[in-house]
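Trainee: Structure provided below as structure tokens; questions to follow.
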Amino acid sequence: MPRVAPITGKSDVPAEHHAVVDGVLKIFGNVRGPFSMLLHSPKLAERILPLVTFFRDESVVEGRLRSIAILTATREREAAYVWAAQVAAARRNGLSDDVIDLLRAQGDPGKLGTEEREIVTYVRQLIRTNRVDQAAFDALQKRYGTQWLVELTAVANYFGILAGIVNAFEVAAPPDGDKLPG
Numbered sequence: 006m007p008r009v010a011p012i013t014g015k016s017d018v019p020a021e022h023h024a025v026v027d028g029v030l031k032i033f034g035n036v037r038g039p040f041s042m043l044l045h046s047p048k049l050a051e052r053i054l055p056l057v058t059f060f061r062d063e064s065v066v067e068g069r070l071r072s073i074a075i076l077t078a079t080r081e082r083e084a085a086y087v088w089a090a091q092v093a094a095a096r097r098n099g100l101s102d103d104v105i106d107l108l109r110a111q112g113d114p115g116k117l118g119t120e121e122r123e124i125v126t127y128v129r130q131l132i133r134t135n136r137v138d139q140a141a142f143d144a145l146q147k148r149y150g151t152q153w154l155v156e157l158t159a160v161a162n163y164f165g166i167l168a169g170i171v172n173a174f175e176v177a178a179p180p181d182g183d184k185l186p187g
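Okay, structure coming up:
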């Protein structure tokens, strides 16, 4: 049970913020998860919402590789709701169940291909230590360039924000969603 009542629709916010709820509905179809809490601060939700479509539709980071970063970040943050919400998207983006299972188990990235291993290593370092060693940074920058690396770093941290919201407010994962251990 969440620590505060989730926002579920327009009736839960003042009329002046109905457009923000409309934006959430347009993107997700309903109000749930992190946005059920973010809408308690409608202006914050309004500013965060465009990042959803940016990362999904405009980022230079290809969907499969973006999903690796997202799942790595959400697993490191132990965000059951966000994990459950993102696994289906990761599969649609071409991530195999073997990779998803390895990320879920926080397994050895050495078992992955070079591209995947470099992203997992980078994101894990970033989330665990707030730093990235030079070798991990250089490998991705050399392979993809600076804009790509900025956007990969931003998406990992964006999902860290969402993870922090659902964890702090104890938003439970959907009962039919993909589960984290524990």
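This note's numbering puts the first residue of the sequence shown at 6, with every later residue one more than the last. For every residue, glycine included, the Cβ atom is placed at its ideal position computed from N, Cα and C. Remember, it's a predicted structure, so these values are computed and weren't measured experimentally.
(1) Do Gly28 and Leu56 have their beta-carbon atoms positioned less than 8 Å apart in this structure?
(2) Out of curiosity, what's the CA-to-CA distance linking Asp113 and Lys31?
(3) Just to confirm, are Pro186 and Arg109 a CB contact at a threshold of 8 Å?
(4) Compute the Euclidean distance between the alpha carbons of Glu67 and Gly99, then round it to the nearest angstrom.
(5) Helix, strand or coil for Glu120? Go by DSSP, reduced to three states.
(6) Could you spell out the range, first to last residue, of the alpha helix (DSSP H) harbouring Ala177?
(7) Taking all protein chains shown into account, decide if Thr189 is buried (16 or more other Cβ within 10 angstroms of its Cβ) or exposed.
(8) Is the separation between the beta-carbon of Leu43 and that of Ile170 shorter than 8 Å?
(9) Give me the residue from Gln146, Pro7, Ala20, Asn35 with the minimum Cα distance to Thr13.
(10) With 16 other CB atoms within 10 Å as the buried threshold, where does Gln118 fall?
(11) Helix, strand or coil for Gln152? Go by DSSP, reduced to three states.
(12) Kindly indicate if chain C contains any beta-carbon less than 8 Å away from that of Pro55.
(13) Could you give the DSSP three-state label for Arg97: helix, strand or coil?
(14) Buried or exposed for Glu123, please, with buried defined as at least 16 other CB atoms from any protein chain shown within 10 angstroms of its CB.
(15) Quick one: grab the DSSP three-state call for Gly14.
(16) Suppose the cutoff is 8 Å on Cβ atoms and the five residues either side in sequence are ignored; what does the same chain contact list for Ala141 look like?
Mentor: The relevant details are as follows:
(1) Against a cut-off of 8 Å, the Cβ pair of Gly28 and Leu56 comes out as no contact.
(2) Each residue's Cα considered, the two are about 38 Å apart.
(3) Yes. Within cutoff.
(4) If I take the Cα positions, the gap works out to 11 Å.
(5) In the structure shown, Glu120 sits in a helix (DSSP, three-state: H, G or I).
(6) That residue, Ala177, is in no alpha helix (DSSP H); it is neither H nor E in DSSP.
(7) Absent from the structure is residue 189, since the part of the chain shown begins at 6 and ends at 187.
(8) Against a cut-off of 8 Å, the Cβ pair of Ile170 and Leu43 comes out as a contact.
(9) Measuring from the Cα of Thr13, the nearest candidate turns out to be Asn35.
(10) Note that residue 118 is Gly in the sequence shown, not Gln. It counts as exposed.
(11) Of the three classes helix, strand and coil, the one that applies to Gln152 here is helix, per DSSP.
(12) No chain C appears in this structure, which consists of one protein chain only.
(13) In the structure shown, Arg97 adopts helical secondary structure according to DSSP, grouped into three states.
(14) Classification for Glu123: buried.
(15) In the structure shown, the three-state DSSP call for Gly14 is coil.
(16) Excluding residues within five positions, the ones whose Cβ falls inside 8 Å are Glu123, Thr126, Tyr127, Gln130.
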